[in-house]
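Numbering (our numbering), first residue to last: 109 to 325.
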């Protein structure tokens, strides 16, 4: 679990980000203007700041210049090359243009947290423990042998836990954007995970969409 500050003046976007990151187990704080953000970060010691550029009070670029050592992801409608370069020169770890897919934002948040060693390397639920670094899965203390794609699928479901993921999204996360096989492979691998781990009650089918792993955050 990471402590994340979301600074975005549009309530709909701010709430959408908070909801999805909270479902993944992160502790989120929201701010809707740039006023006092640098002071708040200095006091609260956040693991990550998701920062809009165009904010009332103080813009995101100015705020970023005041933050020292805190990872930043810019989320903004200013998608020109010069704006991107400016953001990266100010020390941003990533720069996402609006509109964006929420799953992409969640994945980029996870990537930044992994790089800064702020994300979990081991996740447990029920009688199952998953070690992402060692690619090791145990059930009731005994090793469970998963094939490479089965493990990657399990990791994708855990990283995006409590979110409904379409088959297309799972293919992109596990098999890559250039995969040309059938979507049915997702169903086959899901069934294998259910059988090997006994998580039929956790790994739910979302009607006409895909799957969702329902576990405590």
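Each residue gets a CB set at the ideal place from its N, CA and C atoms; glycine is no exception.
For residue 248, which residues in the same chain have their Cβ closer than 7 angstroms to its Cβ, ignoring the five residues on either side in sequence?
If we look at residue 248 and ignore the five residues flanking it on each side, its Cβ neighbours are 235.
Among 112, 302, 314 and 307, which has the Cα closest to the Cα of residue 135?
It is 112 whose Cα lies nearest to the Cα of residue 135.
From this set, 322, 185 and 205, which residue's C-alpha is nearest residue 268's C-alpha?
Taking only the C-alpha atoms, the option nearest residue 268 is 322.
Which whole-angstrom value describes the C-beta separation of residue 168 and residue 184, a residue pair presumed to lie in contact below a C-beta threshold of 8 angstroms?
Going by Cβ atoms, the distance from residue 168 to residue 184 rounds to 7 angstroms, so yes, they are a contact pair.
State the Cα-Cα distance for the pair residue 265 and residue 294, rounded to the nearest angstrom.
Those two C-alpha atoms are separated by around 12 angstroms.
Using only alpha-carbon positions, find the residue among 196, 251, 151 and 190 that is nearest to residue 159.
Selected option, being the one with the closest Cα: 196.
Between the alpha carbons of residue 171 and residue 288, how many angstroms are there, rounded?
Computed Cα separation, rounded: 44 angstroms.
Quick check on the DSSP output: the beta strand (DSSP E) that includes residue 261 runs from which residue to which?
Taken as a continuous stretch (DSSP letters only), residue 261 belongs to no beta strand (DSSP E), being part of the alpha helix (DSSP H) at 256–267.
Residue 124: which of 219, 188, 271 and 292 sits nearest, CA to CA?
Cα-wise, what sits closest to residue 124 is 271.
For the beta strand (DSSP E) holding residue 187, just list the boundary residues, first then last.
Segment: none, residue 187 is in no beta strand (DSSP E) and carries neither H nor E.
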